[in-house]
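Residues in the sequence shown are numbered consecutively from 139, following the working numbering. Some notes on the structure that comes next.
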Amino acid sequence: MSKYISVAIDGPVGAGKSTIARAAAGKLGFVYVDTGALYRAVGLYCYRKGIDMKRASAVVAQLDEISLEIKRINGTQHVFLNEKDVSEEIRLPEISMAASAVSSVPEVRTALLDMQRIIAENNDVIMDGRDIGTVVLPNADVKIFLTASSEIRAKRRYDELRAKGREVTFEEVLDDLNKRDYDDSHRAAAPLRAAEDAVVADTSGLDFEQSVELVCGLIKERL
Ligand code: DC
């Protein structure tokens with residue numbers, strides 16, 4: 139058994155996983171790991187190269203050229219793709235879709251697995267993603283499946299993008315989110331689903347602070 143504590147937080151797009159998990163990790167003194175950033179970096183690489191990401195073999199052929207690193211700068215996670223910090227670029231909406239596409243390729247998932255496990259073996263972590271409680275850390279001390287209604291999740295994502303000055307409509311954001319959730323939960327490799335021993339936390343009626351309190355409470359209760 140690892141001497142470090144691991145908390146797995148999974149859930150659909152826009153459930154607030156990253157902001158809530160980051161805040162909870164800050165409060166509890168854990169390292170926050172955003173695993174979606176790794177899939178986004180692979181997606182970014184393929185997107186830049188104009189790879190047809192629906193062709194798994196084309197994506198797999200890129201893997202040897204991709205080196206990824208997670209570094210912590212002033213307490214914040216940064217992702218390096220072939221030695222370059224791509225933490226900003228990976229947040230673009232077109233890269234969200236690319237990340238979802240490459241994440242359905244089993245070889246991509248395998249390539250990223252060890253990296254995620256090694257971090258959890260060496261730190262107290264709160265790790266968020268889609269398959270953390272089911273595949274990456276099946277023995278996590280605490281598993282939380284964070285969710286909210288799709289309208290609320292889309293509204294949060296819409297507000298975030300508008301605040302960054304992106305010209306998007308609510309309908310576009312909702313469609314995008316529903317499509318990504320559908321693809322993420324219907325792929326054969328490590329689909330998005332709650333682990334059997336996960337506690338489901340619905341943040342639909344909660345604001346940010348309340349959601350952080352809920353998650354911290356669930357973690358403390360189980361440790
Ligand atoms: O959490 P995110 O939106 O940054 O993730 C981007 C995509 O990566 C998401 O659509 C599905 C995929 N992903 C995954 O398959 N497994 C994870 N552990 C994290 C993300």
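Glycine included, every Cβ here is placed at the ideal spot set by N, Cα and C.
Cβ shell of alanine 328 (< 6 Å), same chain only, five flanking positions each side left out: Arg247, Asp269 and Val273
Please name the residue, chosen from Ala196, Lys165 and Asp252, that lies closest to isoleucine 208 on a Cα-to-Cα basis. Asp252
Please name the residue in Ser349, Tyr183, Ala326 and Phe218 whose C-alpha comes closest to that of methionine 235. Tyr183
Count the other C-beta atoms from every protein chain shown that fall within 10 angstroms of the C-beta of tyrosine 170, then say buried if there are 16 or more, exposed otherwise. buried
Is tyrosine 177 near the ligand DC, in the sense that its beta carbon is under 8 Å from a heavy atom of that ligand? yes
Proximity below 9 Å, CB of tyrosine 142 to CB of leucine 250: no
Going by beta carbon distance, what residues of the same chain come within less than 7 Å of histidine 216, once the five residues before and after it are set aside? Lys209, Asp223 and Ser225
Beta-carbon contacts of serine 205 that lie in its chain and below 7 Å, excluding the five residues immediately before and after: Asn220
Rounded C-alpha distance that separates leucine 356 from serine 349: 11 Å
Please confirm whether alanine 258 and serine 140 have their CB atoms less than 9 Å apart. yes
Whose C-alpha, out of Ser144, Ala292 and Asp172, is nearest the C-alpha of glutamate 310? Ala292
Less than 9 Å between the beta carbons of phenylalanine 283 and glycine 267, yes or no? no
Given the structure, does lysine 155 come close to the ligand DC, in the sense that its CB is under 8 Å from one of the ligand's heavy atoms? yes
Three-way DSSP call (helix, strand, coil) for lysine 209 in this model: strand
I need the boundaries of the alpha helix (DSSP H) containing glutamine 348, first residue and last residue. 346–360
Please state the DSSP three-state secondary structure of tyrosine 142. coil
Identify, in the order they occur along the chain, each residue of the same chain with its Cβ nearer than 6 Å to the Cβ of arginine 295, setting aside the five sequence neighbours on each side. Gly152 and Val311
Just to confirm the assignment, what range does the alpha helix (DSSP H) spanning threonine 157 have? 155–166
How would you call leucine 275, buried or exposed, if buried means at least 16 neighbouring beta carbons within 10 angstroms? buried
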